[in-house]
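Here's the structure, in C-alpha cells; my notes come after.
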Amino acid sequence: CMLPPTYCILPVAFYNALVRVGSVLFTWWRNILGFQSYEGYSESVSCPYESQYQNSLKYICRGNQPSTCLQQALITSDTKSNGRFTLDDDKVSGTFTVNINSLVKSDSGSYLCGVQRNSDLDVFSAVEQPTVQFSAKHFLGKLNSL
17 CMLPPTYCIL PVAFYNALVR VGSVLFTWWR NILGFQSYEG YSESVSCPYE
67 SQYQNSLKYI CRGNQPSTCL QQALITSDTK SNGRFTLDDD KVSGTFTVNI
117 NSLVKSDSGS YLCGVQRNSD LDVFSAVEQP TVQFSAKHFL GKLNSL
C-alpha cells in the first residue's frame, strides 16, 4: 500500500479455535481481524465451511451471540440479498461471501457467520468487521492532498 497506514485496508492473519457454548459449536476465525474501511465504501466478509455443509443454510448476524444468530440474521443463503447486504455461496471453494455496500459507522463491530446443520449444533465463524473511521468525503480530501 502506497498510502499512510490509516488509509490502507490491512488484513491480518490470526488463528482459529473450536469452542462449545452450551449446545452450540462455535468456530472462532480471526482471519480478517484488523482492517479498516470507510463510509460509503463496500466490504466483503468471507466465511469458510466444510464440504459436508454445501447444501446447508448459511447466514450472518451482527454481534457475538451464537444462540440468537439465526433469528437475527442480516441475510441468509435463502434470501441472497437484503438491502445493502448480499450473500454469494461458492460451493466449490467451500466459502460464502457477504458483501456490505455503502458502509456506515454503525456497520462497525463483530459479526458471526453461521452454517445450519441437521443436528442441534450450528457451526459459526466469528469475524471482526472493519472499523469505519472516516467518511469517504474526508478520505478523498486527504488522498488528493498527498
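So for the sequence shown, this note's numbering puts the first residue at 17; every next one is plus one. Each residue gets a CB set at the ideal place from its N, CA and C atoms; glycine is no exception. Note that the structure is predicted; figures quoted are calculated from it, not measured.
**Message:** For Pro64, list the residues DSSP reports as bridge partners.
**Reply:** Translated into the one-based positions of the sequence shown, residue 64 becomes position 48. Partner(s): Thr111.
**Request:** With a threshold of 16 other CB atoms inside 10 Å of the CB of Tyr53, please say whether the residue is buried or exposed.
**Result:** Residue 53 sits at position 37 when you count from the first residue of the sequence shown. Note that residue 53 is Ser in the sequence shown here, rather than Tyr. Ser53 is buried by the Cβ-count criterion.
**Supposed contact pair Leu103 and Ile91 - C-beta distance, whole angstroms, cut 8 Å** = Locating residue 91 in the sequence shown gives position 75, counting from the first residue. Locating residue 103 in the sequence shown gives position 87, counting from the first residue. With a Cβ gap of about 5 Å, Ile91 and Leu103 count as contacting.
**Prompt:** Is Gly125 closer than 8 Å to Cys85 when the C-beta atoms are compared?
**Reply:** Residue mapping note: residue 85 aligns to position 69 of the sequence shown, counting from 1. Residue mapping note: residue 125 aligns to position 109 of the sequence shown, counting from 1. Going by C-beta atoms, Cys85 is not nearer than 8 Å to Gly125.
**Buried versus exposed, by CB contacts within 10 Å (16 or more), Asp105** = The residue labelled residue 105 in the question sits at position 89 within the sequence shown. Asp105 is buried by the Cβ-count criterion.
**Prompt:** From Gln107 to Ser83, what distance separates their C-alpha atoms?
**Reply:** As a first step, residue 107 is located in the sequence shown; it is residue number 91 there, counting from the start. As a first step, residue 83 is located in the sequence shown; it is residue number 67 there, counting from the start. The residue asked about is misnamed: residue 107 is Lys in this sequence, not Gln. Each residue's Cα considered, the two are about 25 Å apart.
**One or two residues paired with Glu59 in a DSSP bridge** = Here residue 59 refers to the residue found at position 43 when the sequence shown is read from its first residue. Bridge partners of Glu59: Ile116.
**Message:** With H, G and I counted as helix, E and B as strand and the rest as coil, what does DSSP make of Ser97?
**Reply:** The sequence position of residue 97 within the sequence shown is 81, counting from 1. Of the three classes helix, strand and coil, the one that applies to Ser97 here is strand, per DSSP.
**Message:** Here's a check: name, in chain order, each residue in its chain whose Cβ is nearer than 8 Å to the Cβ of Asp94, leaving out the five neighbours to either side.
**Reply:** On the sequence shown, residue 94 is found 78 positions in, with the first residue counted as 1. Answer for Asp94: Leu73, listed in chain order.
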